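Engineer:
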Amino acid sequence: MSNTYYEPSDLRKFGTITEWSEELGKKFFDYYGSVFEEGALSAREKSLIALAVSHVVKCPYCIDAYTQDGLKRGITKEEMMEAVHAGAAIESGATLVHSVQMMNKYKKLSM
Amino acid sequence: MKLKSLKKRENELANAKRQLEILSNGIFQDEELPTFRSKLKTLNLFPLQPKILEILQINVGYMCNQVCAHCHVDAGPDRKEIMTRETMQQCLDVIKDTGAHTLDLTGGAPEMNPLFRWFVEEATKVGVKDVIVRSNLTIITANKKYNDLPEFFKKHKVHVISSMPHWTEGKTDQQRGDGVFNASIKALKMLNAVGYGMPNSDLKLDLVYNPSGAFLPGNQAALEADFKKALSEKFNIHFHNLFSITNLPISRFLDYLIASENYEDYMYNLVEAFNPAAVKNVMCTNTLSVSWDGWLYDCDFNQMLELKVDSPIQHIRDFNKKTLSKRTICISQHCYGCTAGAGSSCQGTVVQ
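Protein sequences appear in the order of chains A and B.
Each residue of the first sequence is one higher than the last, beginning at 16 in the numbering used here.
Each residue of the second sequence is one higher than the last, beginning at 62 in the numbering used here.
Put into structure tokens, the structure is as follows:
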């Protein structure tokens with residue numbers, strides 16, 4: 016057992032989750048594989064979306080995997096950083112849009 | 062960028078035996094990962110044996126005008142190993158008899174061998190279908206005496222295969238040295254100008270893509286499409302095919318992997334990506350590699366690891382096709398580089 020919550024080498028053990036629930040694990044990995052195939056969006060575009068989401072959900076395993084995936088696809092660091100900013104903008108927007116609720120409440124409670 | 066070869070720097074990785082030790086120790090000694098031999102045995106693919114000889118790959122010398130960070134040859138301006146006319150003549154004598162359809166000239170920068178042009182001229186006379194020169198591109202612009210290489214290549218219908226790790230300057234120079242990208246673009250334009258790489262042209266110009274770091278290459282067709290789009294839109298440059306080649310963990314790339322603490326992860330990636338279908342078409346099954354001093358190897362990587370062919374015939378002067386065809390191919394853990402994913406060879410991927 017590791018002394019830290021996150022262990023980089025655990026990423027390569029991801030597939031072993033099927034050992035404790037084969038049916039659900041297999042369904043998940045089949046679905047996951049299908050999602051990232053070429054479709055209406057290219058696999059390259061999906062890789063960048065995955066990288067942005069990885070940051071938003073703050074998953075170090077996903078960041079590791081999709082930085083590497085981007086490098087394999089020849090995606091540049093500028094493209095990667097722009098994708099992360101797109102994710103960050105939505106995330107900060109999601110926080111800030113709640114300030115309308117704060118403003119509404121403030122106004123309602125104030126004379 | 063280090064400006065000297067590992068050999069010149071007296072780095073321990075200039076020693077082939079040390080490299081082989083590293084490749085057999087640690088994760089492979091602990092059986093955390095299977096050795097290449099045991100992996101093949103599990104799948105009944107051991108031992109690897111040659112098929113029909115199709116390609117003779119000749120390394121005419123380790124001298125190069127570049128010092129690329131990933132170079133498996135440890136080539137550079139300070140390397141003096143160079144093929145002599147006598148050895149070249151022995152190669153020519155063999156080419157006539159082997160039936161090999163492809164002669165693949167590599168280095169270093171093969172053009173820096175003073176006998177390079179003579180050798181190409183003689184080789185084209187002996188009826189080889191495809192004479193390949195692995196050109197680093199920058200040699201064409203490096204010195205006035207090389208400026209006419211595109212014309213020379215054209216005259217002899219040489220097939221040019223050139224390295225290009227990315228369509229951006231930063232990533233290219235990071236791997237191959239400052240200024241390499243711009244010099245390569247200039248050289249590609251010179252090759253295009255004489256007809257190389259143009260659509261429907263029979264003057265073949267292919268590019269080789271090596272990842273510029275500790276990661277495996279992505280899909281070859283997708284990379285080719287991205288390269289074509291970027292080079293055409295930004296520079297109006299054309300080429301025919303892109304070959305993606307996996308960096309094998311030897312020499313300067315091994316040095317980089319260890320220094321950057323990527324070695325174990327990289328080996329894991331290679332082993333996890335092992336593809337049995339790639340084993341059937343690895344290039345050592347249809348290629349023989351000849352070193353600057355005439356010794357024979359199963360591939361250019363084995364040449365750098367000083368793993369001579371396991372045969373009573375080990376030198377080009379004694380060449381015997383039948384005896385060599387009975388040999389067993391020498392392997393170690395670096396071979397995982399040629400069997401990962403869609404496979405890797407000097408002609409790109411090996412699995413469709």
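Even for Gly, the Cβ is constructed at its ideal location relative to N, Cα and C.
None of the values given here were measured: they were computed from a predicted structure.
I'd like to check one pair, S305 (chain B) with T389 (chain B): are the Cβ atoms closer than 8 Å?
Structural biologist: no
Engineer: Look at the Cβ atom of K250 (chain B), then the Cβ atom of I193 (chain B), and state whether they are nearer than 8 Å.
Structural biologist: no
Engineer: Could you confirm whether any beta carbon from chain A is found closer than 8 Å to the beta carbon of E322 (chain B)?
Structural biologist: no
Engineer: To which residues of the same chain is F242 (chain B) closer than 7 Å at the C-beta, ignoring the five residues directly before and after it?
Structural biologist: E230, T233, D234
Engineer: Measure the alpha-carbon distance for L94 (chain B) versus S114 (chain A) and round it to whole angstroms.
Structural biologist: 53 Å
Engineer: Write down every uninterrupted run of the beta strand (DSSP E) in the region 111-187 of chain B whose length is 3 residues or greater and which is fully enclosed by it, in chain order.
Structural biologist: 116-120, 163-167
Engineer: Considering only C-alpha positions, which residue in the set B:G160, B:Q151, B:A170, B:I246 is nearest to D139 (chain B)?
Structural biologist: B:A170
Engineer: Report the three-state DSSP secondary structure of D191 (chain B) (helix, strand or coil).
Structural biologist: strand
Engineer: Grab me the residues of N301 (chain B)'s own chain with a C-beta within less than 7 Å of its C-beta, minus the 5 sequence neighbours each way, in chain order.
Structural biologist: First, the amino acid is wrong: residue 301 (chain B) is His here, not Asn. Excluding residues within five positions, the ones whose Cβ falls inside 7 Å are G258, K265, L266, D267.
Engineer: Which same chain residues, not among the five before or five after L385 (chain B), have their C-beta less than 8 Å away from its C-beta?
Structural biologist: Excluding residues up to 5 positions away in sequence, P111, L114, L349, L357, V370, S372, I374 lie with their Cβ nearer than 8 Å to the Cβ of L385 (chain B) in the same chain.
Engineer: Going along chain A in order, which residues have a C-beta closer than 9 Å to the C-beta of Y329 (chain B)?
Structural biologist: S24, R27
Engineer: Which first and last residues belong to the beta strand (DSSP E) in which V221 (chain B) is found?
Structural biologist: 220-224
Engineer: Have a look at B:L67, B:Q127, B:N86, B:D359 and flag the residue whose alpha-carbon is nearest the alpha-carbon of G240 (chain B).
Structural biologist: B:Q127
Engineer: How many Å lie between T185 (chain B) and H217 (chain B) at the Cα?
Structural biologist: 7 Å
Engineer: Give me the Cα-Cα distance between K382 (chain B) and S85 (chain B), rounded to the nearest whole angstrom.
Structural biologist: Rounded to whole angstroms, the separation of the alpha carbons of S85 (chain B) and K382 (chain B) is 31 Å.
Engineer: Since F288 (chain B) and W228 (chain B) should fall inside the 8 Å C-beta cutoff, what is the C-beta to C-beta distance between them, to a whole number of angstroms?
Structural biologist: 6 Å
Engineer: Could you compute how far the alpha carbon of V155 (chain B) sits from the alpha carbon of Q364 (chain B)?
Structural biologist: If I take the Cα positions, the gap works out to 19 Å.
Engineer: What's the C-alpha gap between E106 (chain A) and I64 (chain A)?
Structural biologist: 14 Å
Engineer: Under 8 Å between C-beta atoms, does P272 (chain B) make it to chain A?
Structural biologist: yes
Engineer: Can you tell me whether W353 (chain B) is buried or exposed, with buried defined as 16 or more other CB within 10 angstroms of its CB?
Structural biologist: buried
Engineer: Looking at the secondary structure, which residues open and close the beta strand (DSSP E) in which T348 (chain B) lies?
Structural biologist: 348-351
Engineer: Does the beta carbon of G89 (chain A) sit closer than 8 Å to a beta carbon anywhere in chain B?
Structural biologist: Put simply, the CB of G89 (chain A) is near chain B, with a gap under 8 Å to one of its CB atoms.
Engineer: On the DSSP letters alone, give me the boundaries of the beta strand (DSSP E) that S305 (chain B) sits inside.
Structural biologist: 303-305
Engineer: Smallest Cα separation from N342 (chain B): which of B:L366, B:C396, B:Y329?
Structural biologist: B:C396
Engineer: Are there three or more Cβ pairs, one per stretch, closer than 8 Å when the region 102-109 of chain B is compared with the region 140-151 of chain B?
Structural biologist: no
Engineer: Compute every distance between the C-beta of L198 (chain B) and the non-hydrogen atoms of the ligand COA, then say whether any falls below 7 Å.
Structural biologist: With respect to the ligand COA, the structure offers nothing, as it holds no ligand at all.
Engineer: Here's a check: name, in chain order, each residue in its chain whose Cβ is nearer than 8 Å to the Cβ of K68 (chain B), leaving out the five neighbours to either side.
Structural biologist: A75, D135, D139, R140
Engineer: Is Y270 (chain B) closer than 8 Å to A130 (chain B) when the C-beta atoms are compared?
Structural biologist: Going by C-beta atoms, A130 (chain B) is not nearer than 8 Å to Y270 (chain B).
Engineer: In whole angstroms, give me the CA-to-CA distance for L331 (chain B) and D379 (chain B).
Structural biologist: 36 Å
Engineer: Under a CB-based cut-off of 8 Å, is T229 (chain B) close to chain A?
Structural biologist: yes
Engineer: In terms of DSSP beta bridges, what is T389 (chain B) paired with?
Structural biologist: B:D371
Engineer: Sort out for me which residues DSSP pairs G409 (chain B) with in a bridge.
Structural biologist: B:S406
Engineer: Taking only beta carbons into account, state which residues of the region 275-287 of chain B come closer than 8 Å to chain A, listed in chain order.
Structural biologist: F276, L277, P278, G279, N280, A283, L284, D287
Engineer: Just the C-alpha distance for K122 (chain A) and Q116 (chain A), rounded to the nearest angstrom, thanks.
Structural biologist: Distance between the alpha carbons of K122 (chain A) and Q116 (chain A) is about 10 Å.
Engineer: Please report the distance separating the alpha-carbon of P226 (chain B) from that of W35 (chain A).
Structural biologist: Answer to the nearest angstrom: the Cα atoms are 42 Å apart.
Engineer: Is the CB of E333 (chain B) under 8 Å away from at least one CB in chain A?
Structural biologist: yes
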